[in-house]
Every structure is written in structure tokens, then in C-alpha cells.
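Worksheet: one structure, shown below.
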Amino acid sequence: MYLELLSNLPGVSGDEGAVRRAIVDLLTGEDAPDPPLTIRTDTLGNLLVHKQGRHRGPRIMLAAHMDEVGLMVTTIKESGQLQFKPVGGIDPRVLVSKVVKVGEQLIPGVIGSKAIHLQKREERKKPYTLEQLYLDIGAGGKEEALELVKPGDYASFDTALVPLGDGYVRGKAFDDRAGCAVLVELLLMESELSFDAAFTVQEEVGSRGAAVAAYSLQPELALVIEGTMASDTPGTAPDFTITRLGHGPALSFMDRSFIADRRLWQQLITVAEERGLPYQHRRFAGGGTDAGAVALSREGVKTAVVAVPCRYIHTPHSVMKISDLKDTVSLIKAWFESGVRI
Amino acid sequence: MENLLKLLTEAFGPSGEESEVAALIEQKIRGAVDHLYTDKLGNLVAVRQGPSPRIVISAHMDEIGVIITHIDDQGFARLAPVGGVLPHQLVGQRVRLKQGRVGVVYHEKIKNLKELDWPRLYLDLGAEKQVEEIRIGDLAVLEQPFVNAGGRFLAKAMDNRAGCAVLIEALRRLPREIPQELCFVFSVQEEVGLRGARTAAYHLKPDFGLAVDVTRVGDTPKAPLMAVALGKGAAIKVKDSSVITHPIVRQLMIDTAEQHNIPYQLEILERGGTDAGVIHLSREGVPTGALSIPCRYVHTPSEMVDPADLKAAVELLKKLCTSNWPV
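Chains as they are written, first to last, in the numbering used here: chain A, 1 to 342; chain B, 1 to 327.
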């Protein structure tokens with residue numbers, strides 16, 4: 001399963017090299033399609049891949065971002081512990097006691113905090129702030145730490161994917177390695193239409209890679225493939241469920257960054273309904289995606305978002321259902337087969 | 001003007017779904033322009049060909065609205081805002097879907113008005129269960145008829161159909177020969193972040209830009225301090241949060257107004273932006289200004305403008321179209 005390989009790799013925004021290399025290996029390895037894919041990496045690190053299909057059709061861009069949220073080391077303390085800042089949107093409350101890998105050498109570490117015995121009564125009532133947390137890599141002092149890491153090093157969650165229950169998986173970075181896995185599958189299988197795939201960088205810090213990728217690819221139509229939030233969990237009223245696991249890909253009508261091209265959005269719904277493929281609405285108008293940057297590229301691009309629902313995104317442990325990943329591939333494939341006439 | 005404005009303000013055109021407004025405008029200006037087309041994002045572009053320089057004149061077609069995010073078993077819909085709509089403006093307010101269906105927005109039981117927020121609001125469309133013709137993702141606009149209130153005009157979507165009307169009227173009165181190329185852009189998705197004008201400007205590569213939009217006023221009881229008033233003429237924007245008018249454009253606007261005795265006022269809008277904000281940053285940069293129509297109660301179901309200001313805006317825009325812009 002490509003998702004396991006891809007989501008286990010570290011790839012915090014700005015440091016997507018390992019993910020990019022793994023994708024290139026998958027696309028050129030033993031499963032490589034014939035004719036071979038045209039692959040290049042642009043200045044910012046986006047991986048741009050051209051897939052030749054049976055027909056040419058309009059210029060289509062499919063995008064998924066390679067980066068994940070994580071941490072960056074800012075200061076090494078005299079004690080040998082590391083101060084850090086978040087890269088992308090992270091709730092500080094999920095960080096305490098999580099294990100991470102730090103720097104190019106992937107040094108194991110843990111996000112430390114005061115033991116319960118040492119906390120005053122008042123301290124126990126409040127969650128830790130970022131300033132109170134630190135990274136512990138087992139260094140006895142600043143010099144010892146500097147042999148292993150330096151300021152500016154990234155830290156990513158040290159999580160390995162494991163299967164859960166019947167058809168579920170738990171792992172990190174499903175936002176958006178789920179989208180990357182979908183895109184890899186689409187590139188490796190026969191395609192009705194030709195398309196450009198963009199594995200983008202730096203989405204979590206403001207869709208920076210997607211803006212330049214779309215500028216260079218100049219698509220007429222774009223589909224952004226995302227891992228989006230699922231809220232089918234205790235504490236969410238049915239009226240406010242955003243997406244649910246196991247109900248197929250989620251289509252966005254809008255988010256903070258874009259409003260879906262109404263005809264493209266409707267076309268995806270029609271394709272799903274006509275083919276009897278599962279889909280759901282992403283019932284939320286907030287959050288941002290690469291769609292915002294892509295839709296406003298150059299003279300404008302008709303854009304939609306198809307997303308794989310994931311619980312607990314932007315934490316070290318997300319949960320998703322594998323069938324949603326497969327149904328996302330099927331919907332995009334069916335959309336190609338419908339001829340994509342906009 | 002009154003009839004045109006009634007037609008335009010009562011049309012359906014929330015951000016992302018502006019095609020009904022575009023079709024109306026197209027009807028009014030076909031024949032008065034050399035080219036007319038709709039681009040990928042839905043901007044309607046009308047070109048009057050002429051020699052260099054090329055001036056892009058933009059007015060956005062979209063209006064604020066709401067979008068349906070959930071529908072429960074009893075047929076009640078939940079909403080999210082599209083553009084800057086405040087939840088308290090919607091209580092008891094009727095809204096209309098594209099297919100014509102009208103409903104009312106109300107709130108769950110609350111103890112205090114401060115609790116009024118989007119999750120507490122719902123839309124009642126008179127359905128008793130989930131029905132085929134009301135779907136998640138449907139957009140709705142405020143339902144409010146145009147009225148002439150003692151000579152001033154009150155309507156929803158005056159922001160910015162007033163600007164669209166000014167462009168249409170100016171365009172229809174242009175002489176046969178014009179000293180420069182004019183590209184009139186009726187833009188989409190301004191209310192959600194100046195999106196349409198950005199891609200239109202990229203495509204058109206203008207030498208100068210001009211946005212025509214409504215602006216706020218400071219002439220009502222205990223209003224926030226602002227030196228723009230209804231009925232005092234067209235407003236020449238000096239600055240807002242999205243743009244500082246280029247000095248060449250500002251001076252040209254002032255000189256033109258004074259030369260032709262067109263009433264005008266200078267506008268500094270402390271919070272708010274307009275299409276000029278993205279046009280002036282397009283490609284290598286574009287000297288850009290904005291012509292504003294003073295408007296009370298912006299982003300409410302009843303936005304008010306004064307016909308004298310509209311007349312001044314049309315006159316100033318027309319004269320600007322025929323003035324010599326520096327090459």
C-alpha cells in the first residue's frame with residue numbers, strides 16, 4: 001500500500017525531499033507504466049509529472065501536497081533540550097509526550113513536560129503552551145546536542161502506520177499523503193485522459209508550491225486531492241458533521257480559499273451518481289487548500305477539490321478508512337471516462 | 001437608471017454563482033462594445049477597442065450571501081456565510097435560492113443575543129423533510145425588493161450592482177471615437193477576496209486600472225468618523241486597506257471632475273478593499289485608482305445610495321474614458 005510507505009516518511013513543509021524521492025521511485029520502479037511518465041522537479045521542490053492517456057482532452061492538473069505539519073528547532077538550551085516552533089497549524093495541546101524524529105539524521109526524541117508530581121495545583125488546570133514544551137533528544141548539554149542537531153532542523157512525528165479494525169488505518173500525515181497515494185495510483189494505471197500531476201510543497205504554510213506549480217503547468221481544469229477533516233466522532237451533532245469515514249470521497253463546495261467551479265463540482269456529483277459511486281459533501285465552508293492558489297493562477301483555472309476524510313488531522317495520529325482512498329481513485333477515473341466536458 | 005438598478009439589484013448573484021447577473025449585463029451592453037466574453041472564472045469582459053494605453057475598469061457583480069452546509073431530516077438547513085455577512089443581520093430575514101425558492105433564517109433558543117452565531121442559525125424553506133430541489137452547496141441571497149425611499153434607493157446587493165449600473169450607463173454613452181482602449185470587467189468573487197479581478201487583470205495586461213465600487217459613509221447618527229456623505233458626489237478613493245490610489249490616477253480623476261464641474265469627495269476607507277487591490281499588483285504593477293459610490297448600510301439587506309451620486313459617478317467615469325491618460 002502506497003499510503004503506508006508515503007505517510008511513514010518525514011516531510012514537514014520545506015523539507016519534502018524524502019517524500020519526493022519515494023514518489024519518484026514508485027513512478028519509475030517495477031510498476032512504472034508504459035509509456036513512461038515525464039518527471040521533473042521545479043525550483044521550489046514540486047514534483048511535476050506528465051501522464052499520457054488514451055486521449056488528450058483539456059489540460060488537466062491534479063494536485064496533492066507532499067508536506068505535513070511538524071516542528072522546527074529554534075534554540076538549543078544549555079541543558080541540551082531544544083526549543084521549537086510549529087510549522088503549519090498545530091494545536092499545542094496534542095504535542096505533550098509525543099515522539100518525534102529530529103534533523104537530517106532522524107534523531108529520536110520526545111516532547112517533554114513536567115511530571116504531574118512537579119506541577120502546582122493551578123498548573124494542572126491549564127494546558128501547556130508552546131513555550132512550556134521542549135524537545136528532548138537525550139543530550140547531556142548544549143554541546144552534546146549540537147553534535148546531533150542544529151537550529152533550523154525539522155522535527156516530524158515518529159508514527160508508523162498500523163491497520164485498525166476492519167479496513168481502517170492509523171498513521172500520521174494522511175493530510176495529504178492520502179492525496180499523494182491517490183495520485184500515484186492514478187499515474188500508474190491506464191488513464192482515459194492525459195493529465196499533469198503536481199505533488200506540491202509547502203501547502204501547510206500557505207499553498208506556496210501549488211501557486212508556482214499551477215503557474216508553470218497552465219491548466220484549464222484542476223482537481224485538488226486532499227485529506228480533509230472528518231467529524232463523525234463523539235461531541236459532534238449530526239447537523240454539524242463535516243465528513244464521515246467510509247462514505248467515499250468528500251466534494252467541497254467552498255472553503256476559505258476558494259469557491260468550487262459550480263459546473264465542475266456538479267459534474268463530479270453527476271458522475272458519482274450515474275456510476276453509483278459513493279461520495280459525500282464536505283459540509284463546511286472553512287479551512288484552506290491548494291485550490292485557492294490554483295484557481296487564481298494566471299487567467300484563472302476552473303477548480304474543484306476531492307478529499308479523503310481523515311479523523312484527527314494535524315496530529316501525530318490520524319484515522320482513515322482505506323475504502324475512501326479507493327473510492328477517490330474510482331471517482332477521478334470515472335470523471336476522466338466521462339470526458340470532462342466543461 | 002432607477003429601472004436598471006432595480007433589475008440588477010434584484011437579480012441572483014452570490015459569489016461563485018454570478019451568471020444570472022452576467023446575462024443581464026450582457027443584454028444591456030451588447031451592441032455598445034466590440035468584444036464581449038466570459039472568462040474561466042466567470043468574469044464578463046467587454047472591450048471597446050482603441051489605441052494604447054489600455055485601461056481596465058472593474059465593477060464586481062457578486063453579492064454577499066449564504067451557502068447551505070447541512071440539511072436535517074425535517075428539512076431545516078444550516079448555513080455558512082459567503083462574504084462578510086453578520087449573523088444578526090439574518091434573523092427573520094428571507095433568503096432566496098437560485099431556483100427561486102424562498103425561506104426565512106431564524107435562530108435556536110438562545111439566552112443572550114451575544115450567543116448568536118452561525119451554528120445557532122438555521123434556514124426554514126418550508127420543507128417538511130429533505131427534498132430533491134434543496135441541496136447541500138446551494139447558495140442563497142438576501143431577498144429584499146428594490147424601493148425608492150424618498151428619492152434615495154434602497155436594495156440588497158447595491159454593493160456592487162450600483163457599480164455595475166455606473167459602468168453600463170457610462171459605456172452606453174461613450175462617443176464613437178475614444179482615445180484609448182477600454183476593458184470593462186464585471187468581476188466575480190470580490191466579496192470572498194477580490195478573486196475574479198485578479199485573473200482578469202492578469203489576462204488583460206492593463207496600463208491603468210480603475211475599480212468602481214460602493215464605499216462606506218460617515219453621515220449617519222454617531223457613525224464612525226469618515227469624511228464621505230450620501231449625496232455629496234462621486235467619491236475618489238485616496239486609500240483603503242487594499243490599495244493606495246496611484247498619484248497619476250488620483251490627479252487625473254480630480255482634474256477631470258473639476259474641469260467638468262462634477263461633484264466629488266475624496267475617500268479614505270480605513271477598513272475594506274476593492275478590486276483595485278489586486279489589479280494594481282497584477283504582473284509588473286498597474287497604476288490604479290477607484291471611483292466609489294457612497295452607500296449606507298453596506299452588507300445589510302438594505303443598502304442605500306443617492307441617485308445624485310450615481311449620476312456624478314456615471315458622468316465622471318464617462319469623462320475619464322474620454323480623457324487623455326498618460327502614455
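For every residue, glycine included, the Cβ atom is placed at its ideal position computed from N, Cα and C.
Query - Proximity test, Cβ basis, 8 angstroms: GLY209/B and chain A - result: no
Query raised in the report: Cα separation between VAL188/B and GLY80/A?
Result: 55 angstroms
Report task. Give the residues of chain B in contact with ALA285/A, contact being defined as C-beta atoms less than 7 angstroms apart. Result -> The contacting residues are ILE67, THR69, ALA80.
Query raised in the report: Nearest-angstrom Cα distance between VAL162/A and GLU203/A?
Result: Going from the Cα of VAL162/A to the Cα of GLU203/A covers about 26 angstroms.
**Report entry** Distance between PRO249/A and PHE284/A (C-alpha atoms, nearest Å)
**Finding:** 14 angstroms
Query raised in the report: Measuring CA to CA, which of ARG120/B, VAL47/B, GLU17/B is closest to ARG30/B?
Result: VAL47/B
**Report entry** Selected residue, minimal CA-CA separation from GLY45/A, among LEU331/A, SER191/A, ARG208/A
**Finding:** ARG208/A
Requested in this report: With 8 angstroms as the threshold, decide whether the Cβ of GLN49/B is near any Cβ in chain D.
Outcome: Of the protein chains in the structure, A and B, none is chain D.
Query raised in the report: Is the stretch 167-174 of chain A in contact with the stretch 101-109 of chain A, if contact means three or more CB pairs nearer than 8 angstroms?
Result: No, because fewer than three Cβ pairs between the stretch 167-174 of chain A and the stretch 101-109 of chain A fall closer than 8 angstroms, the two stretches do not touch.
Query - Near-chain A residues of the stretch 12-33 of chain B - C-beta to any C-beta below 7 angstroms - result: SER15, GLY16, GLU17
Query raised in the report: How about ARG195/B: is its C-beta nearer than 8 angstroms to some C-beta of chain A?
Result: yes
Report task. Pull up the CB-CB distance for VAL182/A and LEU325/A, whole angstroms please, since I reckon it's below 8 angstroms. Result -> 6 angstroms
Requested in this report: Kindly list the residues whose CB is nearer than 6 angstroms to the CB of PRO263/B, restricted to its own chain and excluding five residues on each side of it in sequence; keep chain order.
Outcome: GLY233, ALA312
Report task. Identify each residue in the stretch 122-156 of chain B for which the Cβ-Cβ distance to at least one residue of chain A is less than 8 angstroms, and report them in chain order. Result -> ILE136, GLY137
**Report entry** ILE313/A beta carbon less than 8 angstroms from that of GLY206/A
**Finding:** no
Query raised in the report: Looking at the C-beta of VAL301/A, does it have a partner C-beta in chain B at a distance below 8 angstroms?
Result: yes
Query raised in the report: Are there 16 or more other CB atoms within 10 angstroms of the CB of ILE180/B, so buried, or fewer, so exposed?
Result: Going by the sequence as given, residue 180/B is Gln instead of Ile. Buried, because 16 or more other Cβ atoms sit within 10 Å of the Cβ of GLN180/B.
**Report entry** alpha helix (DSSP H) runs wholly inside the stretch 118-183 of chain A, at least 4 long, in chain order
**Finding:** 121-125, 142-146
Query raised in the report: Do you know how far the Cα of LYS40/B is from the Cα of GLN49/B?
Result: It is roughly 22 angstroms from the alpha-carbon of GLN49/B to the alpha-carbon of LYS40/B.
Report task. Determine which residues of the stretch 248-264 of chain A have a Cβ less than 7 angstroms from any Cβ of chain B, and write them out in chain order. Result -> PHE253, MET254, ILE259, ARG262
Report task. Using a Cβ cut-off of 8 angstroms, pull out every chain B residue sitting near LEU245/A, in sequence order please. Result -> None at all; the shortest Cβ gap to chain B is about 18 angstroms.
Query - Simplified DSSP assignment, three categories, for VAL250/B - result: Residue 250/B is actually Arg in this sequence, not Val. DSSP, read as helix, strand or coil, puts ARG250/B in helix.
Query - Complete beta strand (DSSP E) runs within the stretch 279-307 of chain B (minimum length 3 residues, chain order) - result: 288-294, 303-305
Requested in this report: Could you tell me which residues DSSP pairs with ALA149/B in its beta bridges?
Outcome: Beta-bridge pairing links ALA149/B to ARG152/B.
Requested in this report: Could you tell me the boundaries of the beta strand (DSSP E) in which PRO99/A lies?
Outcome: The sequence given here has Val at residue 99/A, not Pro. Residues 99-102.
Query raised in the report: the stretch 174-195 of chain B: which residues have C-beta closer than 7 angstroms to a C-beta of chain A, in chain order?
Result: GLN189, VAL192, ARG195
Query - Which residues DSSP lists as bridging HIS317/A, in chain order - result: The partner list for HIS317/A (beta bridge, DSSP) is empty, contrary to what the question assumes.
**Report entry** Residue burial classification, THR215/B (beta-carbon count within 10 angstroms, cutoff 16)
**Finding:** buried
Report task. Return the residue from the list LYS222/B, GLN259/B, LEU269/B, THR220/B that minimises the CA-CA distance to LYS237/B. Result -> Among LYS222/B, GLN259/B, LEU269/B, THR220/B, the Cα nearest to that of LYS237/B belongs to LEU269/B.
Query - Stretch pair the stretch 6-15 of chain B + the stretch 121-132 of chain A: three plus CB contacts closer than 8 angstroms - result: Taking 8 angstroms as the limit for Cβ pairs, the verdict is that the stretch 121-132 of chain A does not touch the stretch 6-15 of chain B.
Query raised in the report: For the stretch 12-74 of chain B, which segments carrying the beta strand (DSSP E) assignment without a break, of at least 3 residues, lie completely within its bounds, in sequence order?
Result: 35-38, 44-48, 54-60, 65-71
Query - Where ASP239/A meets chain B, residues with beta-carbon distance less than 7 angstroms - result: HIS70, ASP72, ARG78
Query raised in the report: Taking Cβ positions only, does ARG298/A come closer than 8 angstroms to chain B?
Result: Yes, contact with chain B.
Query - For VAL104/B: DSSP bridge partner residues - result: ARG94/B, ASP124/B
Query raised in the report: Between the C-alpha atoms of ALA200/B and GLU131/A, what's the straight-line distance to the nearest angstrom?
Result: 45 angstroms
Report task. Consult DSSP for PHE207/B and reduce its assignment to one of helix, strand or coil. Result -> Checking the sequence shown, residue 207/B turns out to be Asp, not Phe. Coil.
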